[in-house]
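K.L.:
When we follow full-length UniProt numbering, the leftmost residue of the sequence shown carries the number 1, and every step to the right adds one. Glycine included, C-beta positions come from ideal geometry on N, C-alpha and C.
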Amino acid sequence: MLELGPGTGVITKAILATGIAPEKLICVEFSPEFVGHLRANYPGVNIIQGDAFNLDDTLSDKRDTVFDSIISGVPLLNFPVHQRVAYIEDLLARLPAGRPVVQLTYGPKSPVPPGLGNYTVEHFDFILRNIPPTQLWIYRRAHAS
Numbered sequence: 001m002l003e004l005g006p007g008t009g010v011i012t013k014a015i016l017a018t019g020i021a022p023e024k025l026i027c028v029e030f031s032p033e034f035v036g037h038l039r040a041n042y043p044g045v046n047i048i049q050g051d052a053f054n055l056d057d058t059l060s061d062k063r064d065t066v067f068d069s070i071i072s073g074v075p076l077l078n079f080p081v082h083q084r085v086a087y088i089e090d091l092l093a094r095l096p097a098g099r100p101v102v103q104l105t106y107g108p109k110s111p112v113p114p115g116l117g118n119y120t121v122e123h124f125d126f127i128l129r130n131i132p133p134t135q136l137w138i139y140r141r142a143h144a145s
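See below:
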């Protein structure tokens, strides 16, 4: 499993609570401060400091890993639409067909608009405990390319 933009590790903790072994989880975080916090709090998890928009370089020798699923907390609304579409397309290429990319965001609309690439968009749920509520968006490959 790949988690992008784990920040302080709230979702990381929830992922591990599902029973996923720490060594089966790779987390990519841009902020060196958060990386230090994550490494201290989640021993055994592979925490990589790097750019989620450049995963080939960031993942290095793990660049060809096929993940079962990907969870992204990267603040996509801070980036131009073309970069968001390329990001989702890259993530979907790292998954078996049909497997999801789950994107957490605070906006009421999908941060990656439908119809701009080879993916489907589904609004799954939202988390009310956050202010504003966190929205969950699921992306899957539309068809084999």
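Quick check on DSSP: helix, strand or coil for ASN78?
P.N.:
Reduced to three states, the DSSP call for ASN78 is helix.
K.L.:
Suppose you measure from the CA of TYR87 to the CA of LEU59; what does that come to, to the nearest Å?
P.N.:
The alpha-carbon atoms of TYR87 and LEU59 are separated by roughly 15 Å.
K.L.:
How big is the Cα-Cα spacing for ASN118 and GLU89?
P.N.:
Going from the Cα of ASN118 to the Cα of GLU89 covers about 7 Å.
K.L.:
Measure the C-alpha to C-alpha separation of THR134 and LEU104 and round it to an integer number of angstroms.
P.N.:
Answer to the nearest angstrom: the Cα atoms are 6 Å apart.
K.L.:
Looking only at its chain, what residues have a beta carbon closer than 7 Å to the beta carbon of ASP51, apart from the 5 residues adjacent to it on each side?
P.N.:
Closer than 7 Å at Cβ, skipping near neighbours: PHE30, THR58.
K.L.:
Enumerate in chain order the residues of its own chain whose CB-to-CB distance from GLU23 is below 6 Å, with the five nearest sequence positions on each side excluded.
P.N.:
GLY44, listed in sequence order.
K.L.:
Could you tell me which of LEU95, PRO111, LEU25 sits nearest to GLN83, measuring between CA atoms?
P.N.:
Of LEU95, PRO111, LEU25, the residue nearest in Cα terms is PRO111.
K.L.:
Taking the Cβ atom as the reference point for each residue, do GLY5 and SER72 lie within a distance shorter than 7 Å?
P.N.:
Going by C-beta atoms, GLY5 is nearer than 7 Å to SER72.
K.L.:
What alpha helix (DSSP H) runs, 4 residues minimum, are completely inside the UniProt domain "Methyltransferase" (2 to 93)?
P.N.:
Whole alpha helix (DSSP H) segments, 4+ residues: 10 to 17, 32 to 41, 55 to 59, 81 to 92.
K.L.:
Please classify ARG99: does DSSP put it in a helix, a strand, or coil?
P.N.:
In this structure, ARG99 counts as coil in the three-state DSSP scheme.
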